[in-house]
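Chains as they are written, first to last, in UniProt numbering: chain V, 1 to 201; chain W, 1 to 201. Just so it is clear, CB atoms sit at the ideal spot from N, CA and C, and this is done for glycine as well. Keep in mind that this is a model prediction, so the values were computed, not measured. Following: one structure in structure tokens, then a few remarks.
2 protein chains.
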Amino acid sequence: MAGGYQVAPLARLVEQFERLPGIGHKSAQRLAYHVLGMTKEQAQAFADAVLEAHDKIHYCKVCCNLTDQPLCPICRDERRDTSVICVVEDPRDVIAMERTNEYKGSYHVLHGAISPLSDVGPEQLCIKELLARVQGGKVKEVIMATNPTVEGEATAMYISRLLKPLGVKVTRLAYGIPVGGDLEYADEVTLLRALEGRSEL
Amino acid sequence: MAGGYQVAPLARLVEQFERLPGIGHKSAQRLAYHVLGMTKEQAQAFADAVLEAHDKIHYCKVCCNLTDQPLCPICRDERRDTSVICVVEDPRDVIAMERTNEYKGSYHVLHGAISPLSDVGPEQLCIKELLARVQGGKVKEVIMATNPTVEGEATAMYISRLLKPLGVKVTRLAYGIPVGGDLEYADEVTLLRALEGRSEL
């Protein structure tokens with residue numbers, strides 16, 4: 001507030017909201033005022049959810065996805081095919097893949113991509129856990145589903161070079177024009193990849 | 001998550017974020033994952049800020065602005081002119097007025113505007129507290145600074161009718177074209193008000 005008229009607990013709450021990604025000062029203020037309008041129970045439930053999620057959620061021992069159990073729900077599910085591993089950068093990518101309702105294999109979450117500019121090297125990612133799974137010998141195929149960005153590509157290349165000597169098949173998601181998209185607005189690199197990957201009708 | 005692969009504490013946190021105004025499911029997910037990436041101390045500070053703000057902040061005994069003390073910082077400030085009261089709908093409007101660095105009077109926060117459609121009547125607003133202040137006899141002018149909306153107008157009219165018999169001067173913020181605005185894009189009602197309120201150069 002201008003002129004030094006601060007209300008400390010409110011300023012602290014606004015500051016906390018401002019630290020969240022994509023929340024500017026105006027939004028933080030709006031959220032803070034919303035919290036003030038909550039009932040005591042609602043505010044308590046909100047604070048509890050923050051602490052509980054933070055306390056109980058950790059990496060799955062097998063696939064490094066987030067879970068509150070030793071194994072994540074997908075690794076616990078005996079119907080899933082553990083001979084296929086889909087490697088993604090982020091837990092949210094698992095949710096996106098699951099929405100296809102088609103993929104029945106398992107996952108491996110790297111928690112990032114190799115990015116020298118952001119000081120993220122292979123050792124910061126869950127790559128050794130992936131190697132351990134493949135070295136176990138029961139994996140037939142690893143599908144690299146990292147993002148189609150420079151970092152995602154580099155990570156896919158790096159991991160595939162580590163995996164190939166282990167005798168496992170390494171594949172990459174197809175590139176092409178997005179379904180429902182418009183050729184006119186597709187960038188030339190995407191179009192080139194779509195052309196290269198064309199299939200017979 | 002599709003297919004019933006829910007991680008309960010994470011789902012609860014996402015749900016809590018989704019309840020905040022202007023936060024959709026995607027944003028809630030992003031915020032929840034951000035919380036998971038915090039250190040334990042950061043998560044604790046966030047949860048504490050929510051509870052502390054909610055516990056300690058209440059209405060100022062004089063002007064109904066939000067504060068953690070009996071009186072808000074502006075009402076505690078002896079340099080402010082208490083013979084002038086600027087009536088606003090929301091605590092955020094006080095912050096906006098303070099940014100002008102010109103107004104040195106006091107405020108009164110109504111916490112809303114009369115809106116029959118949203119079931120908000122005069123008795124839900126802090127109007128009787130304002131009347132009590134004016135009845136105290138030391139107030140010379142009340143500036144109605146409610147929003148230039150139908151509800152804000154109606155509220156200003158309603159309150160001015162209650163105040164006039166008390167012998168106090170009641171004024172309204174000027175209407176006109178916003179500074180830095182473009183005549184071409186000003187709506188006709190604003191232009192009309194700007195014309196009516198024209199002053200000699």
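Once DSSP output is grouped into helix, strand and coil, what is the label at residue i?
i	result
His58(V)	strand
Asp93(V)	helix
Thr155(W)	helix
Leu66(V)	strand
Asp81(V)	strand
Ile143(V)	strand
Tyr175(V)	coil
Lys26(W)	helix
His34(W)	helix
Tyr107(V)	strand
Glu164(W)	Residue identity check: residue 164(W) is Lys in the sequence provided, not Glu. It is helical.
Lys138(W)	coil
Val7(W)	coil
Cys75(W)	helix
Got a sec: is the Cβ-Cβ distance from residue i to anything in chain V below 8 Å?
i	result
Thr67(W)	yes
Val87(W)	no
Arg193(W)	no
Tyr185(W)	no
Glu52(W)	yes
Residue i: which of the options sits nearest, CA to CA?
i	options	result
Thr171(W)	Ile85(W), Ile74(W) and Met97(W)	Ile85(W)
Asp119(W)	Glu151(W), Pro21(W) and Met38(W)	Glu151(W)
Leu130(V)	Glu102(V), Gly197(V), Gly22(V) and Lys164(V)	Lys164(V)
Pro148(W)	Leu195(W), Lys140(W) and Met157(W)	Met157(W)
Ser160(V)	Val134(V), Gly176(V) and Gly24(V)	Val134(V)
Can you find a CB in chain W that lies within less than 8 Å of the CB of residue i?
i	result
Ser27(V)	yes
Lys140(V)	no
Arg79(V)	no
Glu41(V)	no
Might you give, ordered along the chain, the residues of its own chain that have their beta carbon closer than 7 Å to the beta carbon of residue i, omitting 5 neighbours on each side?
i	result
Asp93(V)	Ala145
Lys61(V)	Pro70 and Leu71
Cys75(V)	Cys60, Val62, Cys63 and Ser106
Lys40(V)	none
Arg99(V)	none
Take residue i and list the residues in its own chain whose beta-carbon comes closer than 6 Å to its own, dropping the five residues that flank it on each side.
i	result
Leu173(W)	Ala145
Met1(V)	Note on Met1(V): pLDDT 43, under 50, position unreliable in the model; no value is reported.
Less than 8 Å between C-beta atoms, sequence neighbours within five positions excluded: which residues of the same chain meet that for residue i?
i	result
Leu125(V)	Leu110, His111, Gly112, Ala113, Ile114 and Thr155
Arg198(W)	none
Val35(W)	Leu13, Ala43 and Phe46
Ser83(V)	Gly105, Lys138, Val139, Lys140 and Glu141
Pop quiz: residue i and residue j are said to be a contact at Cβ under 8 Å. What is the actual Cβ separation, rounded to whole angstroms?
i	j	result
Leu66(W)	Leu117(V)	Actually they are not in contact, since the Cβ atoms of Leu66(W) and Leu117(V) sit about 43 Å apart, beyond 8 Å.
Arg12(V)	Ala8(W)	That pair is no contact at about 29 Å.
Ala28(W)	Val14(W)	5 Å
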